[in-house]
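Below is one structure, written out as structure tokens; the observations come after it.
Residue numbers (my numbering): 296 to 619.
Below is the structure:
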């Protein structure tokens, strides 16, 4: 794969965000020519500062709701706020980023005869009545609820991708991403991993919404990025969708206790009211990705969490130094 990526022009939208910056790092180290596009709504320059020293990396501050014209062979569309806190802050913008962004980037892919991947989400399944979730499940989504700007925006983006593929043969790939964690997460994005780790490191009570019996499955970011790369390299395959996530399921209360143990925190657990439309269960069936891509996560949860805890320890230490 290293040789195959050398000299390949790759566009990563949302490239300064959590997943995008980790993807850019992988691509740069493999020798690709990478253009990172981000409007910095939730992305951060610090996530990509270390990449700017490379001649093969370029950052452009731009918004995918506007057309782009770049010479590309691959496109990864990761542009969209992904945490409830962020995407509910401006729901109209969230929906339009998903829909217009997909439309504009598909146009670019067609113009340049490029392969394009849509970073979709497990949220297309809503609060599922099928468990674990397979790609054939149509979902159980509230189209007018507080999460619908993200859920329905991503569902519509998938529709645009597959309709372009069916009608004009656009070379697409669609990945449905389940809960992912690792370095470059925002400490205040409202997601359970960052919430728990930051609270535990500060010996603040961990906030659990509802009774703590909701389940999630957590995939380390390096595993997810490997799935992206395998999906894009695979030729003459079903374009998707593919569930990418870790099928090892934990209740939120189990996860909270794991974080407290790993950080040695004095935190206790505080229970708050359950958010509207919060999915009760989230666990991927990854048989399709295993069979077609030869992919499955390999990073142990404790190893991944220790890496993520170390990242947040450093981040919090730097911020304390600045404030002194």
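The beta-carbon is built from N, C-alpha and C at its ideal position, and this holds for glycine as well.
Taken through DSSP and simplified to helix, strand or coil, residue 505 comes out as coil.
The Cβ-Cβ distance between residue 332 and residue 351 does not fall below 9 Å. C-alpha of residue 518 to C-alpha of residue 385: approximately 30 Å in a straight line. Around residue 466, the same chain offers 410 as residues with beta carbons nearer than 6 Å, after the five sequence neighbours per side are excluded.
The DSSP assignment places 537-539, 544-546 and 564-567 as complete runs of the beta strand (DSSP E) inside the segment 531-601, in order along the chain (cut-off: 3 residues).
The beta-carbon distance between residue 428 and residue 538, rounded to whole angstroms, is 7 Å. This is short enough to meet the 8 Å contact definition. Within the same chain, Cβ atoms closer than 7 Å to the Cβ of residue 391 are found at 360, the five residues on either side in sequence being excluded.
Per the Cβ contact rule, the segment 481-490 is in contact with the segment 499-517 (3 or more Cβ pairs under 8 Å).
One Cα belongs to residue 442, the other to residue 311, and the distance between them is close to 23 Å.
Sorting 349, 314, 345 and 325 by C-alpha distance to the C-alpha of residue 337 places 314 at the top. Residue ranges of uninterrupted alpha helix (DSSP H) with 4 or more members, entirely inside the segment 386-474 and ordered along the chain, are 386-407 and 443-463. Judged by their CB atoms, residue 482 and residue 493 are nearer to each other than the 9 Å cut-off. Sixteen is the threshold: when 16 or more other Cβ atoms of the shown chains lie within 10 Å of the Cβ of residue 399, as they do, the residue is buried. Annotation for residue 320: the continuous alpha helix (DSSP H) segment containing it runs 313-324. From the listed residues 304, 608 and 380, the smallest Cα separation to residue 498 is found for 608.
In this structure, 459 is the residue among 459, 577, 307 and 513 with its C-alpha nearest to the C-alpha of residue 534. Here residue 611 carries a helix assignment [DSSP, helix/strand/coil]. The beta carbon of residue 450 sits closer than 6 Å to the beta carbons of 419 from its chain, once the five residues preceding and following it are set aside; these are given in chain order. By the neighbour-count criterion, in which 16 or more other beta carbons inside 10 Å mark a residue as buried, residue 347 falls on the exposed side. Unbroken alpha helix (DSSP H) stretches of 4 residues or longer found wholly inside the segment 336-383: 379-382, given in chain order.
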